[in-house]
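Heads up, the sequence shown is in this note's numbering, so the first residue is 7 and it goes up one at a time.
Every residue, glycine too, gets a C-beta built ideally from N, C-alpha and C.
All values reported here derive from a predicted model rather than from experimental measurement.
As structure tokens, the structure follows; a few thoughts come after it.
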Amino acid sequence: MKFRPAWHVNGFAVLVAWFVLTLGFGAAAAYGFVVASRDGSVPALVAAIAATVLAVLVLILASGLIVVNPNEAKIVQFFGRYIGSVSEPGFFAVLPLTDRKSISLRVRNFETQKLKVNDADGSPVEIAAVVVYRVVDSFKAAFAVDDYEEYVETQSEAAVRHLATTHPYDSHEVGTSLRDGAEIAQELTVELGERTELAGIEVLEARITHLAYAPEIAQAMLVRQQAAQVVAARTRIVEGAVGMVGLALDRLSEQGVVELDEERRAAMVSNLLVVLCGDRATQPVVNAGSLYG
Numbered sequence: 007m008k009f010r011p012a013w014h015v016n017g018f019a020v021l022v023a024w025f026v027l028t029l030g031f032g033a034a035a036a037y038g039f040v041v042a043s044r045d046g047s048v049p050a051l052v053a054a055i056a057a058t059v060l061a062v063l064v065l066i067l068a069s070g071l072i073v074v075n076p077n078e079a080k081i082v083q084f085f086g087r088y089i090g091s092v093s094e095p096g097f098f099a100v101l102p103l104t105d106r107k108s109i110s111l112r113v114r115n116f117e118t119q120k121l122k123v124n125d126a127d128g129s130p131v132e133i134a135a136v137v138v139y140r141v142v143d144s145f146k147a148a149f150a151v152d153d154y155e156e157y158v159e160t161q162s163e164a165a166v167r168h169l170a171t172t173h174p175y176d177s178h179e180v181g182t183s184l185r186d187g188a189e190i191a192q193e194l195t196v197e198l199g200e201r202t203e204l205a206g207i208e209v210l211e212a213r214i215t216h217l218a219y220a221p222e223i224a225q226a227m228l229v230r231q232q233a234a235q236v237v238a239a240r241t242r243i244v245e246g247a248v249g250m251v252g253l254a255l256d257r258l259s260e261q262g263v264v265e266l267d268e269e270r271r272a273a274m275v276s277n278l279l280v281v282l283c284g285d286r287a288t289q290p291v292v293n294a295g296s297l298y299g
């Protein structure tokens, strides 16, 4: 069984017809009982009873009137059997004596709890995500799972846990880490969409909102991150310093400012690298004598 639209007609037309028929049959029944009581006419009594039964049947038709709000669907069941769904907003009449259940089609969002999970490197991390979704199949949302809201929450936590265990917190090599926001959000959205399709749910967006190392290793990981940043900065400084030293030596040679042998050239390179790569300000020393003295 799958989703299908339920039979429904304009509720205002049915309401007018119901009012006219109820009034007509009620008047006919009252007139018949008056005639039967006065003249003792059996046909009049039978007609009055028939009019009363028809009036009761017409009254039952009123149980089929429903109001559907915008971004809402009504699940219609007739004694346990699924008849269909009405998702068009308005005032309608469906089959009488049916049960109706409302399913919201509005966009919803919720944030998962902060989960403590080991990442791909085995480091404990705290992670949470926000999920934006809506119901697109009211039949699956109503009958495929017990509670589609609880189902989405459970599957969201499972998807976040799986994502955290398959990616490292920081990517030390080529690859995606948990800190790569756009790629991780896209992967989480796709995985969660596959998990919740059974419940008739469309996941519009899933994004990490909280990501941190667990408190017991947070300080150690902070030191490691700082060391990695220092190494990266030093690497960049050395690359720039080597380029600047090479440029300085080439310019000196091209313009003939000074001729340096290999020993003096090496000394000059060493001095320039110390000046350019040092983390403290250097104090210049002026040599007033001969360069080779």
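Supposed close pair residue i, residue j - CB separation, criterion 8 Å
i	j	result
Val-131	Ala-218	7 Å
Ala-165	Ala-205	No, Ala-165 and Ala-205 are not in contact; Cβ-Cβ is about 14 Å, not under 8 Å.
Val-137	Ala-212	5 Å
Asn-124	Thr-195	No, Asn-124 and Thr-195 are not in contact; Cβ-Cβ is about 23 Å, not under 8 Å.
Arg-140	Glu-208	6 Å
Thr-104	Val-74	No, Thr-104 and Val-74 are not in contact; Cβ-Cβ is about 14 Å, not under 8 Å.
Straight-line Cα distance separating residue j from residue i
i	j	result
Gln-192	Val-280	47 Å
Ala-56	Leu-63	11 Å
Pro-76	Ala-36	43 Å
Lys-80	Tyr-175	45 Å
Ser-276	Arg-240	17 Å
Ser-108	Ala-220	42 Å
Gly-187	Ala-19	54 Å
Ser-144	Phe-9	7 Å
Ala-148	Pro-11	14 Å
Phe-116	Ser-69	36 Å
Ala-34	Leu-27	10 Å
Gly-246	Arg-167	43 Å
Arg-242	Val-248	10 Å
CB of residue i within 8 Å of CB of residue j, strictly
i	j	result
Leu-111	Glu-78	yes
Pro-102	Ile-72	no
Ala-135	Lys-120	no
Leu-184	Ile-190	yes
His-14	Phe-84	no
Thr-202	Gln-161	yes
Val-100	Leu-210	no
Burial state of residue i (16 or more Cβ within 10 Å)
i	result
Leu-253	exposed
Ala-238	exposed
Leu-169	buried
Leu-29	exposed
Ala-61	buried
Lys-122	exposed
| query | What are the start and end residues of each continuous beta strand (DSSP E) run of 3 or more residues lying completely inside the segment 124-155, in chain order? | reply | 130-141
| said: For a minimum of 4 consecutive residues, which ranges assigned as the alpha helix (DSSP H) are wholly contained in the segment 61-91? | reply: none
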